[in-house]
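Per this note's numbering, residue 19 is the first one in the sequence shown, and the count goes up by one each step.
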Amino acid sequence: MNEQEIIDLENLFDCNQLIKKPYSIEKGRGALLYSAGGKEFIDCGASYGACNAGHNNELVINAIKEQMEKIVFVYASMPNSSRALFLEKLSSILPSRLNKSFLCNSGAESVEGALKLARASTGKKQIIACFKSFHGKTFGALSATHRKEYREPFEPLVPEFIHIPFDNAEKLSEAISGNTAAFIVEPVQGEGGVRVPDDNYFKEIRKICDEKGVLLIVDEIQTGFGRTGSMFAFEESGIVPDILCLAKSMANGLPFGATIANKSLFEKVPKKTITSTFSGGPVVSAAGIATIDFLKKNDIPKQAKEKGKYFIEKLNEIDSSKIREIRGKGLMIGVEIKEKVTPIISDLMDKHGVLAIPSGLTVVRFLPPLVITNEQIDKTVNAFKAVLSD
């Protein structure tokens with residue numbers, strides 16, 4: 019099929035909840051993607067941060083192939099070496115307090131697990147989240163998500179959720195009641211405009227949660243696995259969450275997520291209430307092992323930190339009255355523009371072969387695979403400069 023035939027066929031049968039791009043992506047390597055028509059793109063967001071180790075990573079692909087020749091799937095009640103080794107590998111890069119994992123298939127499902135775990139283990143109902151937060155679109159996760167356009171069509175949502183300002187520890191302290199089970203928060207708000215909190219924010223909210231007996235849920239679905247310059251963003255704050263949510267790059271593009279906490283919390287939850295059919299399947303587990311091995315072996319979090327600094331420095335060199343602010347951490351970067359960014363993102367794609375994504379109406383978000391090169395960053399920044407000058 020040619021590119022237009024692929025696009026037409028997908029549009030014919032897909033529910034079309036997403037606004038489709040006019041290209042069919044068929045191949046990838048590192049930070050590059052290729053359309054069926056032969057157009058090359060620098061990927062700065064097409065996977066929404068799900069391929070930190072790079073597209074078609076050889077180590078991950080080989081692990082998937084090897085596992086698929088053994089067995090593709092077995093339910094989680096049957097132990098499997100791939101799952102067991104992945105759980106061990108994941109535990110090796112986490113604090114010892116985070117020693118039990120519920121494996122699942124997505125970020126939203128990870129958040130669902132965290133919310134259920136918080137309510138069941140504390141016996142309390144209220145969940146506090148933040149304005150401009152994004153935690154997923156399933157009913158529980160959507161109740162924590164703050165985006166009005168996502169929530170309104172499905173209301174009433176799950177009760178006992180409230181929202182407070184992000185990066186404001188005092189507001190958290192005021193909001194906590196005797197019925198508060200947990201506070202869920204992103205280390206950097208991704209969908210909310212790439213908002214980076216004050217350096218002391220997480221230490222302050224950790225102290226408040228400890229003093230008031232509230233669980234701290236950290237949603238690292240987008241920030242985890244090296245994105246912000248360390249394996250997990252919470253490490254940079256010097257705190258450990260009570261519950262950690264992971265997904266996106268956990269298997270470098272395959273659907274894989276996890277809700278992680280201390281065993282004492284899981285022991286308070288009735289058996290068979292936090293499970294999933296495809297929990298930790300052998301193939302995604304094999305991919306997860308290879309992904310972590312690649313990130314560690316190549317010190318990818320450190321690379322992300324250095325490349326992110328370089329990326330932001332180059333963006334700051336752009337002399338444009340359209341730029342309001344540049345912010346970010348590692349290779350999670352947002353540029354706030356004084357106008358709507360949809361035309362800018364379209365021109366980057368169509369005229370310059372750069373794929374970026376929005377974060378709200380006025381922020382261009384750059385979220386590339388962490389293996390992006392400085393040369394590719396330079397091309398991206400030059401393209402962005404050209405589009406802003408048009």
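Each residue gets a CB set at the ideal place from its N, CA and C atoms; glycine is no exception.
- Three or more pairs of CB atoms, one per stretch, sit closer than 8 Å, so the segment 238-252 contacts the segment 194-214.
- In the DSSP assignment, residue 277 falls within the beta strand (DSSP E) that extends over 275-279.
- Rounded to whole angstroms, the gap between the alpha carbons of residue 222 and residue 189 is 11 Å.
- Every beta strand (DSSP E) stretch that sits fully inside the segment 139-166 and reaches 3 residues is listed by chain position as 144-148.
- Inclusion of residue 276 and residue 108 in the CB contact set at 8 Å is warranted, their separation being smaller than that value.
- The residues 153, 154, 159, 263, in chain order, have a CB closer than 6 Å to that of residue 129 in the same chain once the five nearest residues on each side in sequence are set aside.
- Distance between residue 372 and residue 64, taken at the CA atoms: about 10 Å.
- For residue 27, the enclosing alpha helix (DSSP H) has its first and last residue at 21-31.
- In the three-state reduction of the DSSP assignment, residue 204 falls in the coil class.
- Leaving aside the five residues that flank residue 208 on each side, the residues in its chain whose CB is nearer than 6 Å to its CB run, in chain order, 240.
- By the criterion of a C-beta distance shorter than 8 Å, residue 58 is surrounded in its chain by 50, 51, 52, 371, once the five residues flanking it on both sides are discounted.
- In the three-state reduction of the DSSP assignment, residue 136 falls in the helix class, which pools H, G and I.
- Note that the segment 318-325 touches the segment 384-403; at least 3 beta-carbon pairs, one per stretch, sit closer than 8 Å.
- DSSP places residue 188 within a helical segment (H, G or I) once states are collapsed to three.
- Exposure of residue 88 is indicated by the presence of fewer than 16 other C-beta atoms within 10 angstroms of its C-beta.
- Within a 10 Å sphere around the beta-carbon of residue 37 sit fewer than 16 other beta-carbons, which makes this residue exposed.
- Its chain contains 72, 73, 387, 389 as the residues whose beta carbon lies nearer than 7 Å to that of residue 48, once the 5 sequence neighbours on both sides are disregarded; these appear in chain order.
- Contact holds between the segment 332-352 and the segment 374-385, because three or more Cβ pairs, one in each stretch, are under 8 Å apart.
- Rounded to whole angstroms, residue 186 and residue 197 show a C-alpha spacing of 21 Å.
- Note on geometry: alpha-carbon atoms of residue 70 and residue 125 lie some 15 Å from one another.
- Under the criterion of beta carbons closer than 8 Å, residue 313 and residue 243 qualify as touching, at roughly 6 Å.
- Cβ contact annotation for residue 381 (same chain, cutoff 8 Å, sequence separation greater than five): 211, 212, 352, 353, 354, 355, 359, in chain order.
- Counting along the chain, residue 333 sits inside no beta strand (DSSP E); it lies in the alpha helix (DSSP H) bounded by residues 318-334.
- A straight line joining the alpha-carbon of residue 401 with that of residue 378 spans about 21 Å.
- In terms of Cβ geometry, residue 266 and residue 67 form a close pair [threshold 8 Å].
- If you compare the alpha carbons of 369, 329, 406 with that of residue 337, the shortest gap goes to 406.
- The C-beta distance from residue 330 to residue 344 rounds to 6 Å, short enough to fall under 8 Å.
- Cβ neighbours of residue 29 within its own chain (closer than 8 Å, five residues either side excluded): 38.
- In this structure, the straight-line span from the alpha carbon of residue 302 to that of residue 321 is close to 25 Å.
- Secondary structure note for residue 366: its alpha helix (DSSP H) is the uninterrupted segment 360-370.
- In its chain, beyond the 5 residues on either side, 254, 319 have a beta carbon closer than 6 Å to the beta carbon of residue 248.
- Per DSSP, the unbroken beta strand (DSSP E) holding residue 179 starts and ends at 179-182.
- In the DSSP assignment, residue 219 falls within the unbroken alpha helix (DSSP H) covering 219-230.
- Each of 368, 404, 121, 394 was checked against the Cα of residue 40, and the nearest Cα belongs to 368.
- The distance from the Cβ of residue 62 to that of residue 374 is about 5 Å, consistent with a contact at the 8 Å cut-off.
- Taking 8 Å as the cut-off, the beta carbon of residue 118 is found closer than this to the beta carbon of residue 279.
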